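Residue numbers (the working numbering): 1287 to 1732.
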């Protein structure tokens, strides 16, 4: 293995979660929907958050409406080690299990709709459709795979809806999307030295102890970009209180540009252009998705909701990082698969002011197996249990609250970075994960 390729692989370890972070697509786009586990999201159209879930639903809203929501996401990811080895195959001698890798985050949304006339509606949404925040102890046993991962997005979504007739409405939205990220991981300079220069030379240089914190460095990757996509919606109401919704969100192709830097890099590598600060770029396709939703009022008090959502995560077949220096591209095979999400829910109207909600969902993880799972995104299949309530404070003001607990299946990890020529080593074990979400929302009609 050449020094050129090893440094490329070390950079790629840092870049990987930018693509994988997109696997953390944030469905938390309304507190009213949270209470139903987002069952029927493309058909309910009860407030301005329909701008995101199905723009055609704006035709069910009258006059003007402003909806503001916030979601406090509390994930937990705890690692249990089976075996962790360096790039040269020796056990990593120090470090614990990393603490709790989950990091709490606040996810905001804002939506506004305006009636242009009886049949046309204009709307805009500001939200964060993708996001990631994980951090492990800096000296943990898996530090060469990940320490900190941050991913943030901002999506600006102007939309238009047209009521074709009393039953059918169509919607269209444009999405201007910014993505930014900062990623860090440790670098095992001793393993790189031994793999490239041999034990005798490395001993003389003081880099002959793989996995030793004394000869570790740190890689930091930062980058951002803007891109765009679109979304479409259809709403068909065959009778009052019973409707079907279809929504499609396009893929968004990003070309991230940023910097890659190493701390405490050995001078003998830097002098030869290895582990040298440089620019870096990465292409990412955030996948398209399609949703089919239903909403049906059984009577004046009870209603039923359902949803099926398909997401094209198979677009993550590989990650390719290009460097501004003479270093060659670094490639990691991902082999993600398409994912499905199924949800059902119910509403109960207690009286003229209170609406009670409940919902269940099953959310597939697109990571295909333990060999393709990383500590940056240690997710697995999730089962949602959600509850919520809406309170009509006045003719113009409504408050919605929601809570969900996500039961996450234990996630085995068997990631051998050497399979792609990398320098992070081999990590085996499992993650115990869970997520709790609290949501609050105000909707003002005027």
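A virtual CB, placed ideally from N, CA and C, is assigned to each residue, including glycine.
Quantities reported herein were computed from a predicted structural model and do not represent experimental measurements.
Endpoints, alpha helix (DSSP H) assigned at residue i
i	result
residue 1430	No alpha helix (DSSP H) holds residue 1430; DSSP gives it neither H nor E.
residue 1320	1317-1320
residue 1475	1475-1483
residue 1401	Looking at the DSSP string, residue 1401 is not in any alpha helix (DSSP H); the run it does join, the beta strand (DSSP E), is 1391-1401.
residue 1565	Premise fails: residue 1565 lies in the beta strand (DSSP E), 1564-1572, not in any alpha helix (DSSP H).
residue 1680	Residue 1680 -> no alpha helix (DSSP H), and no H or E assigned at all.
residue 1330	1327-1330
Extent of the continuous beta strand (DSSP E) to which residue i belongs
i	result
residue 1600	That residue, residue 1600, is in no beta strand (DSSP E); it is neither H nor E in DSSP.
residue 1628	1625-1635
residue 1348	Element bounds for residue 1348: n/a, residue is neither H nor E.
residue 1694	1683-1694
residue 1511	1502-1525
residue 1556	First-last for residue 1556: 1553-1556, but that is the alpha helix (DSSP H), not the beta strand (DSSP E).
residue 1266	This structure cannot speak to residue 1266, because the chain is shown only from 1287 to 1732.
residue 1545	1538-1549
residue 1721	1712-1731
residue 1532	1528-1535
Cβ neighbour criterion (16 or more within 10 Å) applied to residue i
i	result
residue 1418	buried
residue 1679	exposed
residue 1556	exposed
residue 1307	Caution applies to residue 1307, whose pLDDT of 30 falls short of 50 and renders its modelled position unreliable; the model cannot decide the point.
residue 1405	exposed
residue 1407	buried
residue 1402	exposed
residue 1551	buried
residue 1677	exposed
residue 1553	exposed
residue 1485	exposed
residue 1426	buried
residue 1727	buried
residue 1348	exposed
Of the listed residues the options, nearest to residue i (C-alpha basis)
i	options	result
residue 1629	1635, 1595, 1623	1595
residue 1529	1331, 1640, 1320	1331
residue 1393	1518, 1429, 1427, 1355	1355
residue 1482	1563, 1472, 1496, 1471	1496
residue 1450	1700, 1659, 1346	1346
residue 1539	1607, 1515, 1663, 1519	1515
residue 1433	1600, 1669, 1388, 1723	1388
residue 1310	1371, 1359, 1317	1359
residue 1668	1675, 1652, 1371	1652
Residue i and residue j closer than 7 Å at C-beta
i	j	result
residue 1364	residue 1718	yes
residue 1335	residue 1351	no
residue 1521	residue 1455	yes
residue 1567	residue 1543	yes
residue 1714	residue 1369	yes
residue 1326	residue 1686	no
residue 1353	residue 1422	no
residue 1571	residue 1537	yes
residue 1428	residue 1672	no
residue 1458	residue 1446	yes
residue 1504	residue 1472	yes
residue 1658	residue 1621	yes
residue 1273	residue 1411	What the structure shows of the chain is the stretch from 1287 to 1732, and residue 1273 is not part of that stretch, so it cannot be assessed.
residue 1664	residue 1705	no
residue 1724	residue 1689	yes
Cα-Cα separation between residue i and residue j, rounded to whole angstroms
i	j	result
residue 1661	residue 1374	20 Å
residue 1302	residue 1565	Here the model assigns residue 1302 a pLDDT of 34, short of 50, so the residue's position is not dependable and the matter cannot be decided.
residue 1623	residue 1573	11 Å
residue 1362	residue 1692	10 Å
residue 1732	residue 1635	23 Å
residue 1707	residue 1441	36 Å
residue 1650	residue 1494	44 Å
residue 1548	residue 1563	6 Å
residue 1526	residue 1666	39 Å
residue 1710	residue 1443	39 Å
residue 1376	residue 1464	41 Å
residue 1632	residue 1579	13 Å
residue 1414	residue 1340	16 Å
residue 1607	residue 1617	7 Å
residue 1716	residue 1420	16 Å
residue 1379	residue 1480	17 Å
residue 1589	residue 1535	27 Å
residue 1642	residue 1383	41 Å
residue 1462	residue 1476	44 Å
residue 1328	residue 1604	31 Å
residue 1319	residue 1599	23 Å
residue 1655	residue 1700	9 Å
residue 1372	residue 1712	6 Å
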